[in-house]
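Protein chains in written order, with our numbering: chain A, 30 to 149; chain B, 76 to 190.
For glycine and all other residues, C-beta sits at the position ideal for the given N, C-alpha and C.
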């Protein structure tokens, strides 16, 4: 009954350091995504994936890389951390993909518990 | 222009009263979905309710209902008989058929239920 698991829960980095935020889901969801949440900004989409081997950019992709080698895992990489990347990061997955053809897919996202990242 | 607008940064409501949280959206797509999520102080994102653009009836989930007015591009969340545990941030979100995938979120409303 794990759902979406994110690690770590908290992380402090120095400017220029690299790290990977891990995300795993055990619901066999095709769709996975990363969001960041900043005060007063709501959640903003960083990157997403509609299946293994397929990724695409969201609203705020700069400074982040992703890959999707398996259905279960969708790690988010910060290659050179900057103070502007201080935020709370959420991974989310969905059991359906919105086809855009007019289908009424229920696109409920299942969220992980979040990672609080501070870059000094 | 913002795609999701929540005009109430914060609200105070007496326990047991009904609450309406406002959400307006902007899209040129005919097919889209609207969502409400709750984020308590613990930080997790909890799905509350979903409304598809082609759904003719307003969505309901227990004490939550979505007042969907398509012509006005409005998707207000109504919480009946509010409880102290309803105190949280509430986010309205939209998924469109075209453009980048994923949900577009509003900036949220901080709801505080007073005893």
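For residue 62 (chain A), the neighbours in chain B by C-beta distance under 7 Å run, in chain order, 177. Within the same chain, 100, 101, 102, 169 and 179 come within 7 Å of residue 78 (chain B) by CB-CB distance, once the 5 residues on both sides are set aside. For residue 143 (chain B), the CB contacts under 6 Å within the same chain, skipping 5 residues up- and downstream, are 126, 133 and 150 in chain order. Bounds of the beta strand (DSSP E) holding residue 153 (chain B) are 149 to 154.
As DSSP reads the structure, residue 98 (chain B) sits in no beta bridge. From the listed residues B:158, B:171, B:115 and B:163, the smallest Cα separation to residue 89 (chain B) is found for B:158. Counting along the chain, residue 128 (chain B) sits inside no beta strand (DSSP E), nor does DSSP assign it H or E at all.
Apart from sequence neighbours up to five positions away, the residues of its chain that approach residue 53 (chain A) with a beta-carbon distance below 7 Å are 34, 101 and 102, ordered along the chain. Annotation: residue 98 (chain A) to residue 81 (chain A) spans about 5 Å, alpha carbon to alpha carbon. For residue 143 (chain A), the closest Cβ of chain B is nearer than 7 Å. Within the DSSP secondary-structure output, residue 103 (chain A) pairs in no beta bridge.
Sequence-distant Cβ neighbours of residue 93 (chain B) in its own chain, meaning closer than 6 Å and more than five residues away, are 155. Our two residues, residue 138 (chain B) and residue 110 (chain A), have alpha carbons roughly 43 Å apart in a direct line.
Within the segment 103 to 121 of chain A, those residues whose Cβ lies closer than 8 Å to any Cβ of chain B are, in chain order, 117, 119 and 121. A Cβ-Cβ separation of about 6 Å places residue 85 (chain A) in contact with residue 77 (chain A) under the 8 Å criterion.
Under the 7 Å criterion on CB atoms, residue 119 (chain B) is classed as interfacial with respect to chain A.
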